[in-house]
Structure formats: structure tokens, C-alpha cells
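Participant: Chains as they are written, first to last, in the numbering used here: chain F, 1 to 500; chain H, 1001 to 1156; chain B, 2001 to 2197; chain G, 3001 to 3141. The structure follows.
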Amino acid sequence: MSLAAIIANLPALVVVVPLLLAPVAALIPVSGAAWVIAVIGTGGALISAWLLQGAVTGGVSFSYHLGSWPPPWGIEFVVDAASALTVLIMAALSFVATLFARRALPAEINERDAGKAYSAWLLASGGLAGLVMTGDAFNLFVFLEISALSSIILIALGAGTDRRALVAAYNYLIIGAVGATFYVIGVGFIYAVTGTLNMADLAERIPQVQQDTVIIVGFGFMVAGILVKAAVFPVHIWLPAAYAFAPSAVSAMLAAIATKAALYILARILFTVFAGVPDVTALALEWVLVPLAIAGIFTGTILAIYENDIKKLLAFSSVAQIGYIALAFGIASSAGIAAGFIHIGNHAIIKGGMFLAVGGYFLALRSRVSLSAMTGLGRRMPITTTGFLICGLSLIGLPLTAGFISKLYLVRALIAEDMILVMILVLVSSALSVAYLWKIVEILWQRPEGDDVPLHGDETPALYLPLWILAIANLWLGVAPAPLVDAANRAAMHLVGGIS
Amino acid sequence: MRDNPVLRTCAKILFAPIIVFGLYVQFHGDYSPGGGFQAGVIIAAAFILHALIFGLEAGRRLVPQWLNLALLAAGVLLYGGVGVAGMSMGGLYLDYNVLLPDPSAGQHVGIILVEFGVGLTVTAVMLALFHAFAGFNPERFGDETSDEADHSRGGS
Amino acid sequence: MSVFVTNLLLLLFLVFLLVLVIMTRRLFAVVVLAGAYSLVSAAMFVNLDAVDVAFTEAAVGAGISTVLFLATMAYLPGREKVLPPSGRIGNAMAAGIICVFAGALLVAAAVELPAVGDPNAPAHVHVAPRYLAESDSFLHIPNVVTTVLASYRGFDTLGETVVVFTAGLGVLVLLSGFTRTRRAAQDRAGVKEDSDA
Amino acid sequence: MIDPVSIITDSWNYLIVICLMMGGLFIVISQNNLVKKLVGLAIFQTSVFLFYITVGKMAGGTAPILLDSADVAYSNPLPHVLILTAIVVGVATTALGLALVLRIHAAFGSIEDDEVLTIKAEAALPRVTRAASETDSEARS
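Now the structure itself:
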């Protein structure tokens, strides 16, 4: 295939490369070789996403017609500032998590399942990328299911260390399927009054529809379905168990990218597809999304403070962080949406890094990482722990870290909209998040009462390098946030400016 | 069930016609209801019938697990490969128009190929599902035993 | 008119089957009733002109799904546990409230939908006519469902194939895989340690 | 060609289909048995399929397989295509769910949600009690 052909087809390659390498990986019984396929798949997606981001930086946005059928008859991929940024963040994080998986994944499952696990891994990363790229409401459902089913396989593989992973996977399957079906019901009602499934076409036709109730109900069901996937409070209930019991590498990848894709779709549905009915969306934002986001922030933070199992603690913290992103989108101003995108990127590197560090601890301890088991690990695994700390400080929003930039732009956006009460709540919750992080830091450098728990093997670069890539990204984006902030601003402008 | 001569004879007689019907549904999908998905289920049904009557072991001899897995992947790769072929011949992904000089004929070829890919994957998946469920051994997963016992069991 | 009568009868039959599924406690019966539900739905699809869908629903919903359910039941207890009335009523109340609320919303929207079969409904006049016209003039394939499935929305179908593949992969990993279940906090010391050195 | 009576009366289709959907959803939420939840999910999804196909129906129309005569109305093929995809997705979900149920039964010895949840609830207990219950369960096995 010529270079020109490759460049012309970049939007498809982001999705198709991982999806088509998945069956190849499934056929390879050797763990290392299957991992190479996974690296090629996620790496190929990352390069494509990088080039796409480069293309949209100049303000270009274009549509890729799959099968050369023009929309609304065919399915299109939409490449614009918002989708390219999200897909780049996701591709980068899944590539880093794949590097970590080389050692981590085969250690937690039987190695003879590794090929199939990497296959599911590729399916999840390709499916999530497709979710972001597609401009067709029904095609989105198909990708929703690809990513959900492959994530369920990966979560269920956690049974290799803890049987409760099976229950977590089953619950995710049921809750996720109900959510996806709600989304399909919503799409069906909207289709019945518009006759189209293409998002851009929907955005044009929805304002002309006479039947208001159908639009409101269809909108409500679509959003409800997406909220389940994004794990926004109170439909976050599948998330803590799923992240806590999945294999470490899987937790890291899912925490970094899975809910991000759903949050991006939420923004897309709110600000482009239903942009023509502003009173409906404004109502939903003001009375549903913002209160739920705030409730999620506090629920997640408080549950995290009282949790002892470190993976579950981080998962509860994710519920809170998803709340921040949802809140930022709920502000609905250009600045708010930009803050949302900034935090999508920053939370991905923060939480991805923390889960990678916990994965490192797990492999050293060979048991579930509880707070008491972490006693004194700071001395014995200094490289991993320092990386963990950098990400942790970024999580609470210390200046000079990426997390600070997120909070800064969120608070600014809130002040600009005179949402002072909400801003105070955000600051209070940030202060609360110091509580659970401090609890961990204290224990990491405490001397154990008895002897040290024996560790299995020393720290190896294979495990801490991916973590450090993310830790450095946290520092770099804290000091020089311009690239991410600019990209997020462009994304926000594009979404609020409507589809042009 | 395996020793019943009536069942055995019926299964032998029915096996080929079911597959032929499956192929008809597969390749006549352009003109009548049907296509890769329905055909895949029907063809898998023939193999499942065979395994029901002659036993899971015999079924596995007919389609060993490695072949089953290979077919599973082959279908997806065939479908995706048609898309890649479209790209490499100057079109967009899954563009069938460029496959042949005449776009209409290209569409025909593309549709037949991707439907065949669907049929392949569905047949293989249905067969794999049947064998996985029918041959499930709860003991293997019930409780921890030593890893030696783990490794001595069934091959992939 | 006859279409309407058959539809109504089939729908009422479906309601009847649904009530039976809710009331029945023997899981084998539940599974078979669910198969019957699929089969009646397939008949309804034929009645609504969706022959391809009916074919698939009969083969998959009534066929493969039922077989899989029955195969699963062979390993499981045949009756579901009867909860104490307090728990049962609590569950039913919670579920009932959610369903009545969601159902009320849908009904409110449904009465506004274009009448069933209205040829001027947006769904019939906007995107679909091109499929019907072009399938004849350009593609020369009479079964429009096939052309839309494999060509216009071929990417959906690729996704569908990938979903099937994923399910096959998942079932193979879960039921014929090698990763054994472990109970909490069991360490794997000495098992995997040097496997990757 | 179009029978006005049938148009008016057929609108009941939607209402009954909505009842069916909610019945399926009710089973998913209210039932305790993991298999029955999956049955409910299948019924829920099948009912949604009925909704889509009803949207695609055209009065006096016929199946979208083109005939030679010109003046035939065809029902909308698009919902049919969507639902073909959705049926396949549905059976994939069911298969994976059933495989999980088998593994859960092998690992926990139960397919009732409340019993499995009880075992899960141990995880939420403070560390000490949990360790105790783990030793306990190992002693039993």
C-alpha cells in the first residue's frame, strides 16, 4: 500500500489496525509474540492518532466515508479537534499500558491464555477508539458492545488472582447491556421522527421535529445509556469492583481510557447532536448532570477515604474524578468544556500511572495490595513509589503537576459562570482527597511492626518505565500545559461552535 | 443416543443436506432472505448434530480446536481484508467499487466476500460455543489444585 | 386489517409468555418459554415484513440462545431460590418503580410517534428510499437488506462480526481456558516467578 | 392501498411493545437468579427489536426484496439491518453472560445474586475480619 493511501486512510487505521490484529493475536499461543502484536496494534493506532492530531491542529476537520458511501446513507468517521484529541489521549495511554502488560499480564493469568487476553486487549482499545471516531448513532452502539464485551473478558481474567472478578464482570455485563439497550431505545425513538442515524444529519433535523416529547425522551434514554458507560454517579456501581478485581494491567488501561471515551460521547451528544434544542440540553445539564457530578465527586472521595484495598480506593477516586469531568461539561461554557477535555487527558495519565504503580506493588507482593501490605514499600521500592507519588500529588492538584492545571481551569470556568457554590464544593472535595492520599503516603514510609513482607523480585524497568513515562508526563504537562490546553480549547470551540 | 441406529443413520443422511442448505442461504442471500449470519448458524447446526449423535470427541476430530480457532479468526480477517484491499486499490476502507473496474461488479464481489467472512466466523463461533459449553468441566475451575494438574489437562 | 389482527394476537401472546416467565420458578421452563418468546417474535417480524430479521431471530434467538441456555442449565440447579417475601417484595417494588417510570416516559413519547405504517413518516421518506432505488439501478441486487447490510452499512457488519468473534474468544477463555479461579489474596509465589525471567 | 383503520389501530403496537420492554427490564432488575436475569435481558432486547421493526413497517408494504413490478411499496430495510446486527450482538452478550454464570457457579457454588453478593460483601469488611473469613473458607474447602 502506498504512503499516500495510508495517509488518506488514517481515520480508519486508528480503529482498524487494533481490531484486525486482534484475531492474529488470538492465534498465537506464545505470550511474548502475542504481546509484540499488541504493541504493533496499539503503536499503529498511536501513530495514526498522532498524525490525525497534527492534521486537525491547523483547524481542519473532515469526515471519512467508510465504504465511500456519503453520509447519511453510509457510516462516517468524524475527525475534528475534539475527536482527534480524545483518540490521541486514549491511543497514547493504551500504548503505555501495553508496554506494562508485557510482564504484568502473563503473571496474573495462565500464560497459555495470554494470546487470547492480548486479543481482547486489542479489541478493547480498537473498540474504544471506534466509539470516539464514529459519526453514526447506531455504529456507536456496535462499538459500545465491542469494547464492553472485550473489557468483560479482561475483567473476568482477574479470576486468576481473585474469584470475585467473575462477579464484577457479570455485573458489568448486565448493567452495561441494560445501559446499551437504553441507548438503542433512545436512538430508535429519535430515528422514528427524523429518519436518520447520522449524527450531523440528526443535529440538522432535530430542531425541525414537531414532536417535543419524543425528542426529550429519546435524548433522555440515549444520555442515560451513555452515563452508565461513563460510570457517572449513581450508575457507577459496576466500576469499583470491575477495576478492583481485573488484572493490574487491565485496571490501568480501563481506568485510563474506558470511561473517557464514554465521557467524550456524552459531550458530543449534548453539544452537537442535540445542539438544536438548547432548552432541553440546558435543563438536563443544570438539573441532572451537575448535581449528579457533584454527588459523584463526594461519594467517590468519601468512599475512597474509608477503603483499605488500594485498587478499590483508586477506583472510588476515579468515580470522583469522572464527576469533575462531568461537572466541567455540565458548565456548558466553552471554558468549561475545555476544562473537561483537559481533565480527560490529565486524569488518564494520573490514574493510569497510579494503577501501573499498584500493578508493580502487586507483582512484588503477589497478593492483593491492601494498605497494611504497603507498609514500608517506599523504602524497598523507591523507584515505583516515587512515580506513584508524583501521580498522587498530581491527583490532589499540587502546583507544577498536571492535576493542578485541571483544577485551575475548572475553577476558572466555574467562576466565569458565577457558580461560586459549586466552586467551593470542588475545593472542599479536593481538600478531602488529600485525606486518602496522605493515608497511603504515610504508610509507604512507615516501618513495619514486624519483619518486612518478602518481595518477589526487584523493581525492573519493564514495570517502572511505563509508570515513569506517565509520571514525567504529569510533571511536563504541569509545567508546560500549553499543548494540551490549546488542543482542549480547540476541541471545546469546535463542539460549542456546532458542526461546521 | 450414540448407539441408536436410527439416529445415527438420520444424522449421516442429514449432515450433507444441511450444509448444502447452509451454502444456499449463504450465497443466495442477494436474492432471498439469508446471508452469512443465518448460513453460519445453519452450517454450525450440521456439525452440532454430528457431535450430538457421534459424541463430542468425534466432533472434535472432525473440526479440531486449532482449526476452529483459525476459522474464527479467518472470517474477521477476510472481512477486514476486503476493506484493506479497497484501501490499497485507491479507495476508502470497505470501498467495494474499486475492487473491479466496473463498480457494480466490484460491489457484487465485495458483498459476496464479506458475507462469506461473516459466515465463516459465525459457523466457527457457534461450533466453538457448543463445544465450550458441552465440554465444560467445572472441576477445572472449581478450586485450586496444584498447577501440575492444571497443565496436564486438555490442549489448545 | 388482517395484519393488524395477527399483530395484536401475536403481541398478546408475547405478553402472556412474559407473564409466565416472570411467574415461573423452574429454570428449565423459563428457558423454554424464553425460546418460545423469540419464536413468536420471529413470527411477528414476518408479519411486519422483516423476513431476514425473522430468519435470524428464529435461528439465533429461538435456536442458538435456547441451546446455550439449556446447555448451561445442565450444570446448574434447576430451580431458583425463593427469597423470603420481604426481600422478594422489596426487589419487585424497586424494579417496578423504575420500570413504571421508564415505561411512562416511553408511552408519553410513543403516542406522539407517527402512526405505525404511515408512508409519510420520516423513517420512510428520508434515508431509506435511496437504498431501495440504488439497490435496483446500481447494485442489481434484489434483497435490499443484504446490500445495506454488506455495503452501505458494511462497517456496522464488520463490527458485528468482531462482536461475534469477541464472544467466541471470551467463551473459549472462560470455559476452555487455563486461568484457574483463585480465592482472594492467594499468592502465586513460585508459580509464575521465573516464567518470564 | 392504505387502510386508515389499520393505521389508527396499529399505534397500539408501540404501547404493547413498551409493556414488553419494561417486563423484560423488570426481570433483569428484580430477579435474583443470574440465569433468569439473562433471560430477562434477552426478552428486553427482543422487545426493543420489535419496536424498531414496527418503525420500519409501511402500511400495505411488502418485504424489501425487490420485485419486477414497479408500483410496489416496500417496508423500510434500514431498521431490519440494524436489528440483524443487534440480534447478533444480543446473542454474543448472552453467550458471554452464560459462560460467566458457569464460572461463577464453579467458583462460588451459587447462582443467586444475594448469596454471591454476601460473599462479595466480605470484601468490604475491615481487613481483619476478611482475613478470618478467608481462612474459614479455605478450611472448609
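Just so it is clear, CB atoms sit at the ideal spot from N, CA and C, and this is done for glycine as well.
Following the continuous alpha helix (DSSP H) through F329/F, name the residue where it begins and the one where it ends.
Facilitator: Start and end: 310 to 331.
Participant: Check for me: the beta strand (DSSP E) holding V79/F runs from which residue to which?
Facilitator: Here the beta strand (DSSP E) through V79/F covers 76 to 79.
Participant: Hey, is M2023/B's beta-carbon within less than 8 angstroms of any beta-carbon in chain G?
Facilitator: Closer than 8 angstroms: no.
Participant: Please name the residue in L3100/G, V3088/G, S3030/G, G3060/G whose C-alpha comes closest to that of G1040/H.
Facilitator: If we check each option's Cα against that of G1040/H, V3088/G comes out closest.
Participant: Please name the residue in I6/F, Y324/F, I155/F, S119/F whose C-alpha comes closest to that of A246/F.
Facilitator: For the residues I6/F, Y324/F, I155/F, S119/F, the minimum Cα distance to A246/F belongs to I155/F.
Participant: I need the straight-line Cα distance from E1139/H to V2163/B, nearest angstrom please.
Facilitator: If you take the alpha carbons of E1139/H and V2163/B, they lie about 29 angstroms apart.
Participant: As a quick exercise: from T2166/B, A2123/B, L2083/B, pick the residue whose alpha carbon is nearest that of R501/F.
Facilitator: What the structure shows of chain F is the stretch from 1 to 500, and residue 501/F is not part of that stretch, so it cannot be assessed.
Participant: Distance check for D3114/G and N3032/G, CA to CA, integer angstroms please.
Facilitator: For N3032/G and D3114/G, the distance between alpha carbons rounds to 7 angstroms.
Participant: Quick one: Cα of L2012/B to Cα of V2046/B, how far?
Facilitator: Roughly 16 angstroms between the two C-alpha positions.
Participant: Among residues of its own chain, excluding the 5 on either side of S433/F, which ones have a beta-carbon nearer than 6 angstroms to its beta-carbon?
Facilitator: Only T301, I396 meet the Cβ criterion.
Participant: May I ask you to report which of helix, strand or coil DSSP gives S248/F?
Facilitator: DSSP places S248/F in helix when its eight states are reduced to three.
Participant: Could you tell me whether the Cβ atoms of P1033/H and D2052/B are closer together than 8 angstroms?
Facilitator: The answer is yes: Cβ separation under 8 angstroms.
Participant: Taking the alpha-carbon positions, what's the L149/F to N1004/H distance?
Facilitator: Each residue's Cα considered, the two are about 41 angstroms apart.
Participant: Ordered along the chain, which non-local residues of its own chain (more than five positions away) have a Cβ less than 8 angstroms from that of A190/F?
Facilitator: The sequence given here has Ile at residue 190/F, not Ala. Excluding sequence neighbours, I190/F sits near A137, L202, I206, V214, I215, G218, F219, M222.
Participant: How many angstroms separate the CA atom of V277/F from the CA atom of V2060/B?
Facilitator: Using only the alpha carbons, I get a separation of about 40 angstroms.
Participant: Got a sec, what are the start and stop residues for the beta strand (DSSP E) F271/F sits in?
Facilitator: Run containing F271/F: none; DSSP gives neither H nor E here.
Participant: Are V2144/B and L2132/B touching if we call contact CB-CB under 8 angstroms?
Facilitator: Yes, the pair counts as a contact, with Cβ atoms nearer than the cut-off.
Participant: How would you write the range of the alpha helix (DSSP H) that H456/F sits in, first residue to last?
Facilitator: Segment: none, H456/F is in no alpha helix (DSSP H) and carries neither H nor E.
Participant: At 4 residues or longer, and completely inside the stretch 383 to 447 of chain F: list those alpha helix (DSSP H) runs for me, N to C.
Facilitator: Runs found: 402 to 416, 420 to 444.
Participant: D2136/B: which of I1048/H, T1009/H, Q1107/H sits nearest, CA to CA?
Facilitator: The candidate whose alpha carbon is nearest that of D2136/B is Q1107/H.
Participant: How far does the beta strand (DSSP E) with Y64/F in it extend, from its first residue to its last?
Facilitator: Unbroken beta strand (DSSP E) run through Y64/F: 62 to 65.
Participant: Using a Cβ cut-off of 8 angstroms (strictly closer), state whether F3026/G contacts chain B.
Facilitator: It does: the Cβ of F3026/G has a partner Cβ on chain B nearer than 8 angstroms.
Participant: Under the DSSP definition of a beta bridge, which residues are partnered with S370/F?
Facilitator: DSSP lists D309/F as partners of S370/F.
Participant: CA-CA distance, K260/F and F143/F?
Facilitator: Their Cα atoms are separated by approximately 14 angstroms.
Participant: Is the shortest distance between the beta-carbon of L10/F and the beta-carbons of chain B less than 8 angstroms?
Facilitator: No, because no Cβ of chain B sits closer than 8 angstroms to the Cβ of L10/F.
Participant: For a contact defined as C-beta to C-beta under 7 angstroms, what are the partners of Y2075/B on chain H?
Facilitator: Those within 7 angstroms of Y2075/B in chain H are F1136, P1138.
Participant: Going by alpha carbons, who is nearest to Y1031/H out of I3065/G, T3093/G, L3015/G?
Facilitator: The option with the nearest alpha carbon to Y1031/H is I3065/G.
Participant: With a floor of 4 residues, list each alpha helix (DSSP H) that falls wholly inside the stretch 1043 to 1098 of chain H, ordered by position along the chain.
Facilitator: Listed in chain order, they are 1056 to 1062, 1065 to 1088.
Participant: How far does the alpha helix (DSSP H) with Y3014/G in it reach, from first residue to last?
Facilitator: Unbroken alpha helix (DSSP H) run through Y3014/G: 3012 to 3030.
Participant: So for G2117/B, helix, strand or coil by DSSP?
Facilitator: Correct three-state label for G2117/B: strand.
Participant: Compute the distance between the beta-carbons of L1077/H and M1089/H, then report whether it is under 8 angstroms.
Facilitator: Not a contact, by the Cβ cut-off of 8 angstroms.
Participant: Counting only beta-carbon atoms, is R2026/B nearer than 8 angstroms to chain G?
Facilitator: Cβ-Cβ to chain G under 8 angstroms: no for R2026/B.
Participant: Taking a Cβ distance cut-off of 7 angstroms, strictly less, list which residues of the stretch 2047 to 2073 of chain B are near chain H, in chain order.
Facilitator: Per Cβ criterion, the list reads V2051, D2052, F2055, T2056, A2059, V2060, G2063, I2064, L2068, A2071, T2072.
Participant: Along chain F, which residues have their Cβ under 7 angstroms away from the Cβ of T2179/B?
Facilitator: Residues of chain F passing the Cβ test: I109, N110, D113, L157, A159, G160.
Participant: With contact counted as at least three CB pairs below 8 angstroms, one residue from each stretch, are the stretch 20 to 27 of chain F and the stretch 1102 to 1117 of chain H in contact?
Facilitator: Touching, no, given that fewer than three Cβ pairs across the two stretches are closer than 8 angstroms.
Participant: Please name the residue or residues paired with D136/F in a DSSP beta bridge.
Facilitator: Note: D136/F sits in a beta bridge opposite N198/F.
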